[in-house]
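S.K.:
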């Protein structure tokens, strides 16, 4: 009963938030689940394949620097033993627990919340077709092997609408949103839970209605 009531309330609140949103046809490109939570927050259907997955930061910047060309390529699934991030996955106890796709022979897509390769491929291919390249929101965070150099590269990308959540303040970078809750930490954690303390996402999305 409590779960049902919670779901009903989330749906009501989502519709209220959607009513304040003028820009609804946007695609979020994200290095993790953040984009999915934004769509859910407004009861919007996913206009992005970057839902329920994550990408290690070095690969993510590789992807973003040639985004449209990479997204034309097919996903090839690989064994976890072929992942360049095998050691990290073993340390995190996530090795072999979800499908890993390789895009363009270089970029690893870690389908964290998918049960198998078939589901991951179906959702990826369906959502690729829904991308609105004229209204992109690009999101990054200082986690998953991020570095100062990668944040700098992200800030220089030619996308007009980009956000980078960080635990440390970087006033030299226009795209950075400093999540002060994590000040003193190495990186942000679960940024989808805390980012709204530091930015008005509705105003941000409405301000980027291209």
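Numbering (my numbering), first residue to last: 23 to 232. Don't be surprised by glycine CBs; every beta carbon is placed ideally from N, CA and C. Because the structure is a prediction, the values reported are computed rather than measured.
Among 163, 168, 146, 174, which residue has its Cα nearest to the Cα of residue 80?
M.R.: Closest by alpha carbon: 168.
S.K.: Going by other Cβ atoms of all chains shown within 10 Å of its Cβ, with 16 needed for buried, is residue 122 buried or exposed?
M.R.: Looking at its Cβ environment, which holds 16 or more other Cβ atoms inside 10 Å, residue 122 is buried.
S.K.: Which residues in the same chain as residue 92 place their Cβ atom closer than 7 angstroms to its Cβ, once the five residues preceding and following it in sequence are excluded?
M.R.: Correct list, in chain order: 85, 125, 126, 129.
S.K.: Please name the residue or residues paired with residue 129 in a DSSP beta bridge.
M.R.: Residue 129 pairs with 125.
S.K.: Secondary structure at residue 116, three-state DSSP: helix, strand or coil?
M.R.: Coil at residue 116, not helix or strand.
S.K.: If you check the beta carbons only, do residue 187 and residue 213 fall under 8 angstroms apart?
M.R.: Contact: yes.
S.K.: In this structure, what does DSSP give as the bridge partners for residue 55?
M.R.: Bridge partners of residue 55: none, in fact.
S.K.: Give a yes or no on whether the minimum CB-CB distance between residue 136 and chain B is below 8 angstroms.
M.R.: Note that chain B does not occur in the displayed structure, where there is just one protein chain.
S.K.: Tell me which residue opens and which closes the alpha helix (DSSP H) that residue 145 is part of.
M.R.: Taken as a continuous stretch (DSSP letters only), the alpha helix (DSSP H) holding residue 145 covers 139-150.
S.K.: How would you write the range of the beta strand (DSSP E) that residue 99 sits in, first residue to last?
M.R.: Residue 99 -> beta strand (DSSP E) spans 97-100.
S.K.: In angstroms with no decimal places, state the Cα-to-Cα distance between residue 231 and residue 104.
M.R.: Bear in mind that the predicted position of residue 231 carries a pLDDT of just 45, short of 50, making it unreliable; the figure below should be weighed with that in mind. The straight-line gap from Cα to Cα measures roughly 41 angstroms.
S.K.: So if DSSP puts residue 200 in a beta bridge, which residue, or which two residues, is it bridged to?
M.R.: The partner list for residue 200 (beta bridge, DSSP) reads 188.
S.K.: DSSP beta-bridge partners for residue 106?
M.R.: In DSSP, residue 106 forms no bridge with anything.
S.K.: Verify whether the separation of the beta carbon atoms of residue 164 and residue 221 is less than 8 angstroms.
M.R.: Result no, Cβ atoms of residue 164 and residue 221 do not sit closer than 8 angstroms.
S.K.: Comparing C-alpha positions only, which one of 31, 149, 62 sits nearest to residue 94?
M.R.: Taking only the C-alpha atoms, the option nearest residue 94 is 149.
S.K.: Sort out for me which residues DSSP pairs residue 158 with in a bridge.
M.R.: Residue 158 is bridged to 49.
S.K.: Below 8 angstroms, how does it come out for the segment 68-79 and the segment 31-44: are there three or more Cβ pairs, yes or no?
M.R.: Touching, no, given that fewer than three Cβ pairs across the two stretches are closer than 8 angstroms.
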